[in-house]
Amino acid sequence: VHNQDWEAAQRVAEAHDPDSVAEVLVGQARGALEEKDFQKAEGLLLRAQRPGLALNYYKEAGLWSDALRICKDYVPGQLEALQEEYEREATKKGARGMEGLVDQARQWEQAGEYSRAVDCYLKVRDSGSSSLVEKCWMKAAELAIKFLPPQRSLEVVRIVGPQLIGTGKHSAAAELYLNLDLVKEAIDAFIEGEEWNKAKRVAKELDPRYEDYVDQHYKEFLKNKGKVDSLVGVDVVAALDLYVEQGQWDKCIETATKQNYKILHKYVALYATHLIREGGYSQALALYVQHGAPANPQNFNIYKRIFSDMVSSPGTNSAEAYHNWADLRDVLFNLCENLVKSSEANSLAHEEFETMLLIAHYYATRSAAQSVKQLETVAARLSVSLLRHTQLLPADKAFYEAGIAAKAVGWENMAFIFLNRFLDLTDAIEEGTLDALDHSDFQDTDIPFEVPLPAKQHVPEAQREEVRDWVLTVSMDQRLEQVLPRDERGVYEASLVAASTGVRALPCLITGYPILRNKIEFKRPGKAANKDNWNKFLMAIKTSHSPVCQDVLKFISQWCGGLPSTSFSF
Numbered sequence: 021v022h023n024q025d026w027e028a029a030q031r032v033a034e035a036h037d038p039d040s041v042a043e044v045l046v047g048q049a050r051g052a053l054e055e056k057d058f059q060k061a062e063g064l065l066l067r068a069q070r071p072g073l074a075l076n077y078y079k080e081a082g083l084w085s086d087a088l089r090i091c092k093d094y095v096p097g098q099l100e101a102l103q104e105e106y107e108r109e110a111t112k113k114g115a116r117g118m119e120g121l122v123d124q125a126r127q128w129e130q131a132g133e134y135s136r137a138v139d140c141y142l143k144v145r146d147s148g149s150s151s152l153v154e155k156c157w158m159k160a161a162e163l164a165i166k167f168l169p170p171q172r173s174l175e176v177v178r179i180v181g182p183q184l185i186g187t188g189k190h191s192a193a194a195e196l197y198l199n200l201d202l203v204k205e206a207i208d209a210f211i212e213g214e215e216w217n218k219a220k221r222v223a224k225e226l227d228p229r230y231e232d233y234v235d236q237h238y239k240e241f242l243k244n245k246g247k248v249d250s251l252v253g254v255d256v257v258a259a260l261d262l263y264v265e266q267g268q269w270d271k272c273i274e275t276a277t278k279q280n281y282k283i284l285h286k287y288v289a290l291y292a293t294h295l296i297r298e299g300g301y302s303q304a305l306a307l308y309v310q311h312g313a314p315a316n317p318q319n320f321n322i323y324k325r326i327f328s329d330m331v332s333s334p335g336t337n338s339a340e341a342y343h344n345w346a347d348l349r350d351v352l353f354n355l356c357e358n359l360v361k362s363s364e365a366n367s368l369a370h371e372e373f374e375t376m377l378l379i380a381h382y383y384a385t386r387s388a389a390q391s392v393k394q395l396e397t398v399a400a401r402l403s404v405s406l407l408r409h410t411q412l413l414p415a416d417k418a419f420y421e422a423g424i425a426a427k428a429v430g431w432e433n434m435a436f437i438f439l440n441r442f443l444d445l446t447d448a449i450e451e452g453t454l455d456a457l458d459h460s461d462f463q464d465t466d467i468p469f470e471v472p473l474p475a476k477q478h479v480p481e482a483q484r485e486e487v488r489d490w491v492l493t494v495s496m497d498q499r500l501e502q503v504l505p506r507d508e509r510g511v512y513e514a515s516l517v518a519a520s521t522g523v524r525a526l527p528c529l530i531t532g533y534p535i536l537r538n539k540i541e542f543k544r545p546g547k548a549a550n551k552d553n554w555n556k557f558l559m560a561i562k563t564s565h566s567p568v569c570q571d572v573l574k575f576i577s578q579w580c581g582g583l584p585s586t587s588f589s590f
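Take the sequence shown: its letters are residues 21 to 590, numbered as in our numbering.
Structure representation (structure tokens):
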């Protein structure tokens, strides 16, 4: 042994001291190890029945795969502990160690030790190469699915799937899940990877119960990403709601017009409400001009608000305001036509909208008349007729407009009484109460006493002062009799009702004044005109060719079931 004459030493030991044979073999193995002849050393140590030494020598030399092989074949009880020790070492060594783990896994695989190979592949972590790590995970899953019992393969896939998803390999994870019929998990992987078509296909082909599930997630995804245009094709109502949320109203209404009437008008109403809140009643009105005014009770407040905003709005007592008034009139006409065919027909709301329509017609006709000099008195009469509707109009504004119009055409008695009333109303607005109003000038007229107190002054301070000065001057002169003009009935000339008899005359379509004689009746009941006023209006159209007056005529024809057979009536 000392001279390393191993053959002689072994011969002597075998012949004279069998117990020392193993020592001779171990000594010989050490010599082989010094010469790095590991294979020879291993053979000698195994002959000496010292596999533990072989294992330790391999460990010390960093030859872990050989150490694990010896352990598995000769000391299997230590294999798990050795495997863990090896993995700790591999982790310490980083990328180099991971390569060793991969080699080891491959060896287990080649040796048919699939469970150990799978464990080894699963232990591979950050090696500086994400593709290597992913390949190892995939290999682990493939081997598990192919060779391991169902429960174990399920465990492995449930480990590998989330890791693949975490690195953005959603499709790969989904395919693994599908290998084990984990349909929901596969769908979730596709959803997380935004692979919507694949998710839909899997649901449709493998488990239709999940089709709604995918759709819901897709809608949520589109909503969260603000991809409204794509959402339209999946869930149009959700898309419309999102347009509303984003304030994309034009897009919302444009999309809604392609849907049914009910859906369209839900969003038209939402947009109109939004516009009204922002002070844009005229844009809200334009929406209903374009899309019609359905008889939905839930819309009634919108229509009323558009009406009240418009009648309270400054700058509308002019020829230029015709188209705004005509729009309001046309929308209210459309609404009333729809109400007749609805369950709301003849309800209180219907009656109120018919009154609003009449008021809008008067305002539109007044603007049209203001554009033609020879219709100046028609315009003034319409302003006076509107006073009977001050329950629905700002009273201060209505009396101011009637008074100024009367003054302009020389009806000074009327002007004085109306402007006086206007000043009383402005004082009442300042005081916040109508209690002090004196109604004596309006006894036996159809101008209402009980009207809402206007919330604010509708006429600017400078114009109020001008009126105050004029009224004061006229009062000082004492040349006017403070009485409203009366007609042959002995009643205020613009009053529809004769106080003494209670008989109610029809209002003229052109002036709003009562028709006492020379009545022209239209097909629609309750619609009529005074012959003189009618002819005056037609003559003005002939001489002026006013398009707005022609439009009034066209509207009257629609509203009243056609015009009288002769365009002129004598």
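We put the beta carbon where it would ideally sit given N, CA and C, even for glycine. Nothing here was measured: the structure is a model prediction, and the numbers come from that model.
Asked                                                                                                                        : Found
Bounding residues of the alpha helix (DSSP H) (the contiguous stretch that carries residue 321)                              : 320-332
Nearest-angstrom Cα separation, counted from residue 547 out to residue 490                                                  : 38 Å
Helix, strand or coil at residue 106 according to DSSP, with G and I counted as helix                                        : helix
Proximity winner among 71, 80 and 104, relative to residue 91 (alpha-carbon distances)                                       : 71
Complete runs of the beta strand (DSSP E) confined to the region 520-588 [at least 3 residues]                               : 539-541 and 548-550
Counted within 10 angstroms of its Cβ, other Cβ atoms place residue 327 as buried (16 or more) or exposed                    : buried
Nearest-angstrom Cα separation, counted from residue 567 out to residue 19                                                   : Here the chain comprises residues numbered 21 to 590, so residue 19 is not present and cannot be evaluated.
Contacting residues, own chain, Cβ-Cβ under 7 Å from residue 116 (five flanking each side not counted)                       : In this predicted model, residue 116 has a pLDDT of only 49, less than 50, meaning its place in the structure is not dependable; the value taken from the coordinates is given anyway. The answer is none, since no qualifying residue turns up.
Test item: CB-CB of residue 514 and residue 405 under 7 Å                                                                    : yes
The alpha helix (DSSP H) enclosing residue 184, as first and last residue numbers                                            : 170-186
Residue burial classification, residue 161 (beta-carbon count within 10 angstroms, cutoff 16)                                : buried
Nonlocal neighbours in the same chain, by C-beta distance under 6 Å from residue 177, ignoring five residues either side     : 161, 196 and 200
Same chain only: Cβ atoms within 7 Å of residue 503, ignoring 5 sequence neighbours per side                                 : 433
Residues of its chain near residue 359, where Cβ-Cβ distance is below 7 Å and the 5 sequence neighbours each way are ignored : 315, 365, 370 and 373
CB contact below 7 Å: residue 477 versus chain B                                                                             : Annotation note: the requested chain B is absent from the structure, which comprises a single protein chain.
Backbone CA spacing between residue 228 and residue 175 [nearest angstrom]                                                   : 26 Å
Secondary structure of residue 70, DSSP reduced to three states                                                              : coil
Residue 590, buried or exposed, once every other Cβ within 10 Å from all chains shown has been counted against 16            : Below a pLDDT of 50, predicted positions are generally treated as unreliable, and residue 590, at 41, falls in that range; no measurement from the model is reported.
Span of the alpha helix (DSSP H) around residue 510                                                                          : Looking at the DSSP string, residue 510 is not in any alpha helix (DSSP H), and its letter there is neither H nor E.
Where residue 479 falls: helix, strand or coil (DSSP)                                                                        : coil
Coarse secondary structure for residue 392, derived from DSSP in three states                                                : coil
4-residue-minimum alpha helix (DSSP H) runs that sit fully inside the region 179-247, ordered along the chain                : 190-199, 203-212, 216-226 and 231-245
Touching by the beta-carbon criterion (3+ pairs, under 8 Å), the region 404-420 and the region 469-485                       : yes
Span separating the alpha-carbon of residue 442 from that of residue 457                                                     : 11 Å
Beta-bridge partners of residue 517, as assigned by DSSP                                                                     : 524
Between the CA atoms of residue 193 and residue 209 - distance to the nearest angstrom                                       : 7 Å
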